[in-house]
Amino acid sequence: MCFGAVAIGGLTRLTESGLSMVNWDLFRTMKPPLSQEEWEAEFEHYKMYPEYRYKSSNEEMTLSQFKFIWNMEYGHRMWGRAIGIVFLLPCIYFWARGYFPATMKRRMVIAAALIVAQGGIGWWMVKSGLDPSKNSETTVPRVSQYRLATHLSIAFVLYSIFLYNAISHFVTPRKDISSLPKFGLLRGLSHSSKSLVFITAFMGAIVAGLDAGLVYNSWPKFAENWIPENMLSRSPLWKNLFENDVTTQFVHRNLAYLTLITVTATWLVGCRMGLHRRAKIALHSTMAMAYGQALLGIYTLLYYVPVWLASLHQCGSMTLLSLTLWLTNELRRVPK
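When you line the sequence shown up against this note's numbering, it's residues -18 to 317, in that order.
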């Protein structure tokens, strides 16, 4: 469900639907408009904000167009609430029955806190795009790239907690391979790959928040240059890393290269070791997905970020993270 939430959230952003619901209430906004009058009232409320004025500056937005973007955002919010319910009810039951050891209890408390925080962070993010002092009707209203990256990162952390919990419980390593030569190197590379996937995805969210994927739509060069111009145009210098669209695309691309190199190194080391069958499958799957994700990123760039390709690219990052989590689980030390 966390994977689905990220996928739906990405589609909501890519279809510019995220600012259509201008209110946030945990319970009242669960009921969608049902009558024509309710839809018109919701539409009138939306018209008070910068996004409507921008989208209607050339051609008036229709009610049917508004319904589409509103339903996209509504679906994303309801999916998030469903995750909370699906997590909370079984968690209370198993906790009350004493099925959770102390380590699991700590993980569940952390997961519950993150789910609650994620709802608040989502609205905090949306508010930045509704603020008329930061958005005008002459420019595309955008949410803060910092808040977008925070929202995505929390989703990735939650997904990782749930997935690794399940994998470590149900998919235990078949044998201890810690005595194999270069095991420490392989394990370190696999954890580095996992970390780099996360960091690259974080920078991808910054790129998305700035629409920086549309700055340079050529590959491997940036137009005619290997190093793009105006990378350090902002002051202080650190702001270029998060607020300069040229720099953020450059950093995201090079993080992707570094991730690919690290995954390849992991694969080369692992192929020379006597890993058991399931570990080999995890290793080869991670390698294949890393190159598949790189190709998705390149084609997303070259085709000017079409919705379907950009959505696949975001889902690809989640899939690659899943595979690195599986691989690191297979390389755990088995207690004797």
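We put the beta carbon where it would ideally sit given N, CA and C, even for glycine.
Specify the secondary structure class of residue i as computed by DSSP and reduced to three states.
i, result
"residue 198", "coil"
"residue 203", "strand"
"residue 7", "coil"
"residue 108", "helix"
"residue 175", "helix"
"residue 158", "coil"
"residue 312", "coil"
"residue 21", "helix"
"residue -1", "coil"
"residue 123", "coil"
"residue 183", "helix"
"residue 86", "helix"
"residue 166", "helix"
"residue 318", "The structure shown does not extend to residue 318, since the chain is modelled only from -18 through 317, so no value can be given for it."
"residue 95", "helix"
"residue 215", "coil"
"residue 272", "helix"
"residue 261", "helix"
"residue 115", "coil"
"residue 27", "helix"
"residue 191", "helix"
"residue 208", "coil"
"residue 221", "helix"
"residue 16", "coil"
Buried or exposed: where does residue i fall if 16 or more other Cβ atoms within 10 Å of its Cβ makes it buried?
i, result
"residue 102", "buried"
"residue 49", "exposed"
"residue 201", "exposed"
"residue 44", "exposed"
"residue 233", "buried"
"residue 243", "buried"
"residue -17", "buried"
"residue 31", "buried"
"residue 83", "exposed"
"residue 207", "exposed"
"residue 289", "exposed"
"residue 276", "exposed"
"residue 97", "exposed"
"residue 26", "exposed"
"residue 187", "buried"
"residue 80", "exposed"
"residue 210", "exposed"
"residue 178", "buried"
"residue 71", "exposed"
"residue 55", "buried"
"residue 24", "buried"
"residue 74", "exposed"
"residue 51", "buried"
"residue 94", "exposed"
"residue 128", "buried"
"residue 185", "buried"
Starting from residue i, trace the alpha helix (DSSP H) both ways and give me its first and last residue.
i, result
"residue 137", "126 to 151"
"residue 51", "44 to 77"
"residue 248", "226 to 252"
"residue 255", "Per DSSP, residue 255 belongs to no alpha helix (DSSP H) and is neither H nor E."
"residue -6", "-17 to -5"
"residue 33", "31 to 36"
With distances taken from CA atoms, which of the options is nearest residue i?
i, options, result
"residue 126", "198, 223 and 197", "223"
"residue 268", "0, 170, 47 and 208", "170"
"residue 257", "156, 186 and 274", "156"
"residue 246", "237, 226 and 167", "167"
"residue 65", "90, 80 and 53", "90"
"residue 136", "112, 108 and 100", "100"
"residue 226", "191, 238 and 205", "191"
"residue -12", "302, 301, 88 and 296", "296"
"residue 132", "143, 107 and 18", "107"
"residue 259", "286, 143, 158 and 278", "158"
"residue 240", "181, 204, 294 and 230", "181"
"residue 61", "293, 104 and 22", "104"
"residue 22", "7, 1 and 6", "1"
"residue -3", "123, 114 and 143", "123"
"residue 204", "112, 213, 215 and 230", "230"
"residue 189", "286, 312 and 303", "286"
Would residue i count as contacting chain B if we go by Cβ distances under 8 angstroms?
i, result
"residue 288", "Checking the listed chains, one finds no chain B in this structure; it contains a single protein chain."
Between the stretch 139 to 151 and the stretch 11 to 21, are three or more C-beta pairs nearer than 8 angstroms?
-> A contact between stretches requires three or more CB pairs, one per stretch, nearer than 8 angstroms, and the stretch 139 to 151 fails this requirement with the stretch 11 to 21.
Does the stretch 159 to 169 come within contact of the stretch 29 to 41, defined as at least 3 CB pairs closer than 8 angstroms?
-> With the cut-off at 8 angstroms, the stretch 159 to 169 and the stretch 29 to 41 do not touch.
How do the stretch -9 to 4 and the stretch 301 to 314 stand: do at least 3 beta-carbon pairs fall below 8 angstroms, yes or no?
-> No, they do not touch.
Should the stretch 186 to 205 be called in touch with the stretch 274 to 289, which here means at least 3 C-beta pairs below 8 angstroms?
-> Yes, since at least three Cβ pairs between the stretch 186 to 205 and the stretch 274 to 289 fall closer than 8 angstroms, the two stretches touch.
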